[in-house]
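Q:
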Amino acid sequence: MVIRAIPFLRHGGGNSVLEAVAAGVPMLTWPKVHDQFVNERLIADVLGIGDRLWPHGAGLRSEDYEKHEVIPADDVARALLTFMHPGGPGDVMRTRVMDLASKSHAAIAGGSSHQDLHRLVNDLMAAKGGRS
1 MVIRAIPFLR HGGGNSVLEA VAAGVPMLTW PKVHDQFVNE RLIADVLGIG
51 DRLWPHGAGL RSEDYEKHEV IPADDVARAL LTFMHPGGPG DVMRTRVMDL
101 ASKSHAAIAG GSSHQDLHRL VNDLMAAKGG RS
């Protein structure tokens, strides 16, 4: 069940990002390793569809990793309130991610990949019919 009033709290892996965008839900990121830091930057800084829980640059790559292993409850509450406060940054993030969600749905239903696959099947069927 997806509740659109609050964000997904995610590590920021690629699949999590795609799921959240497709559902039209903003994200709170908690990256630990690998591509999660790049995805966090995309979510928070480039697309503006979420916010980070850790201070910028924290995580396994940080010298202060152990200090950021557990996120204080006050930081989680602050981040959630950002999304729940009417007229606040959360509303802007929600609007942006809903726009991306509608674009992603438009790309799926009858989108280019769907059309290409349909053409391929039709071409294969025609080729099979031509040989018989």
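Count the sequence shown with UniProt numbering and you get residues 1 to 132, in order. Backbone N, C-alpha and C define an ideal beta-carbon position, used for all residues, glycine too. All values derive from a computational prediction rather than experimental measurement.
#1: Between the alpha carbons of Arg96 and Val25, how many angstroms are there, rounded?
#2: Start and end of the alpha helix (DSSP H) containing Asp74?
#3: Nearest-angstrom Cα distance between Gly12 and Ala22?
#4: Have a look at Met84 and Ser112 and give me their C-alpha separation to the nearest angstrom.
#5: Leaving out five residues on either side along the sequence, give the residues of the same chain with a beta carbon under 8 Å from the beta carbon of Met98.
#6: Mapping the DSSP letters down to three states, classify Arg119 as helix, strand or coil.
#7: Compute the Euclidean distance between the alpha carbons of Ser36 and Arg94, then round it to the nearest angstrom.
A: Taking the definition as stated:
#1: Locating residue 96 in the sequence shown gives position 96, counting from the first residue. Locating residue 25 in the sequence shown gives position 25, counting from the first residue. About 10 Å.
#2: Counted from its first residue, the sequence shown places residue 74 at position 74. Unbroken alpha helix (DSSP H) run through Asp74: 73-84.
#3: Reading the sequence shown from its first residue, position 12 is the one you call residue 12. Reading the sequence shown from its first residue, position 22 is the one you call residue 22. If you take the alpha carbons of Gly12 and Ala22, they lie about 14 Å apart.
#4: Locating residue 84 in the sequence shown gives position 84, counting from the first residue. Locating residue 112 in the sequence shown gives position 112, counting from the first residue. Taking the straight line joining both Cα atoms gives about 36 Å.
#5: Counting from one through the sequence shown, the residue named residue 98 turns up at place 98. Excluding positions up to five away in sequence, the list reads Gly24.
#6: Within the sequence shown, numbered from 1, the residue matching residue 119 stands at position 119. Helix.
#7: Working through the sequence shown from its first residue, we reach residue 36 at position 36. Working through the sequence shown from its first residue, we reach residue 94 at position 94. In the sequence as displayed, the identity of residue 36 is Gln instead of Ser. Just so you know, the alpha carbons of Gln36 and Arg94 end up roughly 21 Å apart.
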